[in-house]
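Asker:
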Amino acid sequence: MKINGGKLYISKNNGEELSLDVSGFPPNYVKNTFSKVSASVLYDIAKTGTSLKLNDQVAADDSGTNGFYRRGQIQLDPNSTIGERAVKLLAHECGHMCDDIDDKENAVKAIKKYLEDPFATIGVDKPRTVNELLESQGTIHPVSIGDETLKETFAKEYENYKKNPPNVNSNSKYALTSLNEFFAESYSLLNIGDCKSAYVIAKYFPESFARIKELMEQNRALREK
Ligand SMILES: [Zn+2]
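The end of the sequence shown is residue 407 by my numbering, with every number in the run present.
1. So F391 is in the beta strand (DSSP E); what residue range does that whole segment cover?
2. Taking only the alpha-carbon atoms, compute the straight-line gap between F336 and C276 and give it to the nearest angstrom.
3. When the distance is taken between beta carbons, is I374 closer than 8 Å to A273?
4. Taking DSSP as the reference, what is the three-state secondary structure of F250?
5. Please report the residue range of the alpha helix (DSSP H) in which K333 lies.
6. Are the C-beta of D259 and some C-beta of chain C separated by less than 8 Å?
7. For K395, which residues in the same chain have their Cβ closer than 8 Å to its Cβ, ignoring the five residues on either side in sequence?
8. Mapping the DSSP letters down to three states, classify E198 as helix, strand or coil.
9. For G188, is the classification buried or exposed, using 16 other Cβ atoms within 10 angstroms of its Cβ as the cut-off for buried?
10. So, are the CB atoms of V382 and L397 less than 8 Å apart?
11. Does the beta-carbon of A357, which I'm using as the reference point, lie nearer than 7 Å to any heavy atom of ligand 3?
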């Protein structure tokens with residue numbers, strides 16, 4: 183990883199070099215956060231074409247999270263994103279980024295599930311077919327929600343978890359909020375070796391975690407095509 187002219191360069195073993203625009207970030211953020219997050223995370227950001235932005239309007243929510251991912255962009259609060267916490271936050275938001283792929287096949291399946299007639303139209307003023315809807319909205323389908331194996335594995339492990347839950351604060355259980363959050367926390371754990379839910383995931387959800395690892399690898403292979 184090297185920095186030059188507001189750009190961060192990441193090289194892969196195969197010689198491919200990608201760059202990220204970090205011109206909006208202060209030098210200490212680059213030094214303390216980008217340099218500490220793993221190269222695989224930076225590579226995912228660059229490969230998905232995701233942009234990064236500091237935004238002091240991003241306030242902490244109940245979980246203490248000071249950032250979010252929205253289609254194609256990660257926004258981070260500059261006031262509370264320094265040090266170890268910033269590294270975890272960036273990795274977590276990259277988890278959401280990797281959960282969000284263009285997956286036409288799964289998107290069609292998901293939409294058809296909600297429609298009895300696959301050729302039915304949606305919308306009153308401007309009726310559209312499923313295909314037209316997909317065309318206009320894109321085919322965003324979170325990997326975590328679309329995967330049946332993950333859903334089943336998670337449900338099974340969650341049943342066991344409920345029988346003997348740990349006495350930890352809500353932050354440490356953040357991954358259990360939803361499958362999207364479980365994916366993002368697992369991504370962080372896989373790529374930087376830590377996340378706020380690390381204990382709960384490692385102790386109670388090893389199979390779900392293993393499935394996320396597989397999904398993440400599939401997701402990366404898809405991007406390489
Ligand atoms: Zn999240």
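Glycine included, C-beta positions come from ideal geometry on N, C-alpha and C.
Computed from a predicted structure; not experimentally measured.
Answerer: Straight from the coordinates:
1. Mapped onto the sequence shown, residue 391 falls at position 209. Careful: F391 lies outside any beta strand (DSSP E), inside the alpha helix (DSSP H) at P388 to E406.
2. In the sequence shown, the residue the question calls residue 336 occupies position 154. In the sequence shown, the residue the question calls residue 276 occupies position 94. Cα to Cα, F336 sits roughly 21 Å from C276.
3. Locating residue 273 in the sequence shown gives position 91, where the first residue counts as 1. Locating residue 374 in the sequence shown gives position 192, where the first residue counts as 1. Cβ atoms of A273 and I374: closer than 8 Å.
4. Taking the sequence shown and counting its residues from 1, the one referred to as residue 250 is at position 68. Note: F250 maps to strand in three-state DSSP.
5. Your numbering for residue 333 matches position 151 in the sequence shown. Per DSSP, K333 belongs to the alpha helix (DSSP H) from E330 to K345.
6. As a matter of chain content, chain C is missing from the structure shown, which is built from one protein chain.
7. Looking up residue 395 in the sequence shown gives position 213. Only S368 and L372 meet the Cβ criterion.
8. By 1-based counting over the sequence shown, the position of residue 198 is 16. Of the three classes helix, strand and coil, the one that applies to E198 here is coil, per DSSP.
9. Position 6 of the sequence shown, counted from the start, is the residue given in the question as residue 188. So G188 ends up on the exposed side.
10. By 1-based counting over the sequence shown, the position of residue 382 is 200. By 1-based counting over the sequence shown, the position of residue 397 is 215. The Cβ atoms of V382 and L397 lie no closer than 8 Å to each other.
11. What this structure holds is ligand 1, not ligand 3.
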